[in-house]
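In full-length UniProt numbering, the protein residues as written are 1 to 243. Glycine residues also receive a C-beta, built at the ideal position from the N, C-alpha and C atoms. Data block below; observations after.
Here it is as structure tokens:
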């Protein structure tokens, strides 16, 4: 947030003309010397950072937070004041999306709704399950966490019956947090993409049932049509399954 504000204020100063040149110079000095790894190997770079899979997004990484604090400490008061006073500019409703696969369907969830992407692990089945979507519980950092089949919840079973064996590319998404975490097994994680949530395409007429109910629209990510799930509606559905 601080880094974005500093860069935005710098652009506004350039447009304002010579009277704000000092602010531009001060901002450049504040940003110099900061290793913006998020632009090189992080979410805005080639995504090769070994910590990215665990943190899901750079904003969850302590390195990013420390860099933001350094910039905030070094920004001159006039620069901060100029940034706060400037009118808000129209911008796209951008969101970082984690794209994953369930059988043949490519779907996406905003990374803000995910706590972690983990490797597969054993699932302990629960007797007398009231909802077939509930697979059981699994160990997440020492805590038994409920594991739910997103495939069943979205009604994809008819086209894609679940196998006992998970593919080598399978991962587990830790969805939610603060005591509400749920594990969602997926067949593959493709990666993260930035999308404009206000520019999603409508769902095709062939999409029916729960998939239609919990989807916001379709995004184009790396040449793929990705169904973007609404994290709020999905969490509500998961809570009903666990009630």
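Asked, Found
"Tell me the rounded alpha-carbon separation between residue 222 and residue 45.", "15 Å"
"Enumerate, from N- to C-terminal direction, the unbroken alpha helix (DSSP H) stretches of 4 or more residues contained entirely within the segment 181-220.", "209-213"
"Under the three-state reduction of DSSP, which class applies to residue 39: helix, strand or coil?", "helix"
"Can you give me the Cβ contacts of residue 51 inside the same chain, cut-off strictly under 7 Å, excluding the 5 residues immediately before and after it?", "61"
"Within 10 angstroms of the Cβ of residue 122, are there 16 or more other Cβ atoms? Answer buried if so, exposed if not.", "exposed"
"Pull up the DSSP beta-bridge partners for residue 174, would you.", "116 and 183"
"Could you check whether the segment 138-148 touches the segment 191-203, counting it as contact only if at least three pairs of C-beta atoms, one from each stretch, sit closer than 8 Å?", "no"
"If I measure Cβ to Cβ from residue 53 and keep anything under 6 Å in the same chain, skipping five residues before and after, which residues do I get?", "117"
"Would the beta-carbon of residue 242 fall within 9 Å of that of residue 182?", "yes"
"With 16 other CB atoms within 10 Å as the buried threshold, where does residue 88 fall?", "Interpretation of residue 88 is limited by its pLDDT of 49, a score under 50 that renders its predicted location unreliable; the figure taken from the coordinates is listed afterwards. It is exposed - the Cβ of residue 88 has fewer than 16 other Cβ atoms within 10 Å."
"How is residue 54 classed by DSSP in three states: helix, strand or coil?", "helix"
"Is residue 192 near residue 56, with beta carbons less than 9 Å apart?", "yes"
"What does residue 110 pair with, by DSSP beta-bridge criteria?", "97"
"Could you work out which residue in 189, 128 and 217 is closest to residue 226 when comparing CA atoms only?", "217"
"With a CB to CB cut of under 8 Å and the five nearest residues on each side skipped, what residues in its chain are close to residue 94?", "194, 195, 196 and 197"
"Is it right to say residue 125 is buried, meaning 16 or more other beta carbons lie within 10 angstroms of its own, or is it exposed?", "exposed"
"Which residues bound the alpha helix (DSSP H) around residue 232?", "231-242"
"Between residue 250 and residue 41, what straight-line distance do the alpha-carbon atoms span, to the nearest angstrom?", "The chain is shown from 1 up to 243; residue 250 falls before or after that span and cannot be answered."
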